[in-house]
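Residue numbers (my numbering): 6 to 341.
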């Protein structure tokens with residue numbers, strides 16, 4: 006190649022490098038400008054967290070596949086033994102009142118785990134998951150029945166349940182076909198299927214005190230029923246390999262944005278799983294920033310909104326939230 010052509014090539018390479026550097030500088034300037042409040046500009050923040058609401062259209066495919074699997078694998082004698090062991094666990098869970106060291110609860114847990122594990126190895130993964138669909142139906146029906154009865158009585162669901170739950174040592178009504186007024190039978194059926202689930206779910210915010218479901222659909226209820234089922238074989242395989250991708254999306258979004266009780270350290274871990282395994286475009290830093298802002302933790306929120314803009318420089322919501330907090334970082338907690 007001649008010296009003239011070499012010179013032309015060098016100049017072209019230099020121009021391309023200058024162009025790339027200039028483009029990068031523009032991007033950095035635009036992001037940096039977002040970190041500084043603009044004089045005279047009034048911004049309205051948006052710390053809403055609505056991403057936890059499940060998408061019924063996405064999950065409808067999962068529920069349709071469930072129906073096919075349940076028809077392919079009807080409940081057999083071995084499956085009935087597993088379901089009976091789960092019912093015993095539910096009753097023991099109530100008696101233990103959350104104490105995992107309770108001997109009756111420990112024995113019931115061991116029995117349920119053994120039954121589930123045995124069924125998995127004797128019948129296979131598909132049959133076990135199909136049996137879980139039958140369990141999910143019973144779980145969902147029993148929970149919804151209790152919620153409806155409490156609503157009809159115009160009573161918050163937890164006091165309604167507590168008033169109809171036999172104390173430890175009292176006779177327990179055996180689950181049986183229910184009549185509309187058979188509250189005792191409905192409670193026994195619910196306890197066998199779900200233990201203390203409603204009481205816990207009200208604490209999480211998954212079920213409201215007036216008996217309504219968060220999101221007004223049974224989708225999250227179904228996901229939690231499935232999680233309860235697959236955790237019985239967690240020593241065999243991780244639950245993330247047994248839930249559908251859409252179920253994981255719904256579960257992790259709920260835990261990150263909706264669950265009232267989850268510690269922030271756990272939310273950060275869930276956020277990482279969601280972004281890395283399910284939704285690469287999920288605005289994880291903006292969500293974490295909003296969570297801290299709603300708790301009045303301005304400095305932490307500012308850090309996450311800065312990360313959000315580095316991750317997505319044109320995130321207008323993150324930019325406005327950052328500007329707002331830089332102006333009012335010493336303000337009180339922002340109520341949901």
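All residues carry an ideal CB built from backbone N, CA and C; glycine is no exception.
{"Check": "Select from 231, 95, 60 and 324 the residue whose C-alpha is nearest the C-alpha of residue 5.", "Outcome": "Nothing can be reported for residue 5: it is not among the residues displayed for the chain, which extend from 6 to 341."}
{"Check": "CB-CB under 8 Å to residue 221, same chain, minus the five flanking residues each way: which ones, in chain order?", "Outcome": "none"}
{"Check": "Residue 250: buried (16+ other C-beta within 10 angstroms of its C-beta) or exposed?", "Outcome": "exposed"}
{"Check": "Only counting the same chain, and skipping five residues up and downstream in sequence, which positions put a Cβ closer than 7 Å to that of residue 75?", "Outcome": "135, 138 and 139"}
{"Check": "Do the segment 155 to 168 and the segment 213 to 232 make contact, defined as three or more Cβ pairs closer than 8 Å?", "Outcome": "yes"}
{"Check": "Pairing CB atoms from the segment 115 to 133 with CB atoms from the segment 76 to 88, are three or more of them under 8 Å?", "Outcome": "yes"}
{"Check": "What do you reckon, are the CB atoms on residue 225 and residue 235 nearer than 8 Å?", "Outcome": "no"}
{"Check": "Determine whether the beta carbon atoms of residue 67 and residue 284 lie at a separation below 8 Å.", "Outcome": "no"}
{"Check": "Could you tell me which of 118, 61, 154 and 105 sits nearest to residue 188, measuring between CA atoms?", "Outcome": "154"}
{"Check": "Any heavy atom of the ligand GDP closer than 7 Å to the Cβ of residue 244?", "Outcome": "Here there are no bound small molecules, and the ligand GDP is not part of this structure."}
{"Check": "What whole-angstrom Cβ distance do residue 329 and residue 313 have, given they're in contact under 8 Å?", "Outcome": "Contact doesn't hold; Cβ gap of about 14 Å is too wide."}
{"Check": "Can you pull the DSSP bridge partners for residue 54?", "Outcome": "Beta-bridge pairing links residue 54 to no other residue."}
{"Check": "Strictly by DSSP, which residues pair up with residue 212?", "Outcome": "218"}
{"Check": "Which residue wins for smallest C-alpha separation from residue 265, given the options 318, 299 and 277?", "Outcome": "299"}
{"Check": "Determine the extent of the alpha helix (DSSP H) in which residue 295 is found, giving its start and end residues.", "Outcome": "289 to 299"}
{"Check": "Taking the beta carbon of residue 61 as the centre, do at least 16 other beta carbons fall within 10 Å, making it buried, or is it exposed?", "Outcome": "exposed"}
{"Check": "Sort 79, 116, 320 and 332 by Cα distance to residue 237 and report the nearest one.", "Outcome": "116"}
{"Check": "Helix, strand or coil for residue 61, going by three-state DSSP, please let me know.", "Outcome": "helix"}
{"Check": "Could you pull out every unbroken alpha helix (DSSP H) segment of at least 4 residues lying fully inside the segment 234 to 316, listed in chain order?", "Outcome": "250 to 258, 269 to 278, 289 to 299 and 303 to 316"}
{"Check": "Measure the Cβ-Cβ separation of residue 101 and residue 110 and say whether it is below 8 Å.", "Outcome": "yes"}
{"Check": "Can you tell me the Cα-Cα spacing of residue 263 and residue 57, whole angstroms?", "Outcome": "6 Å"}
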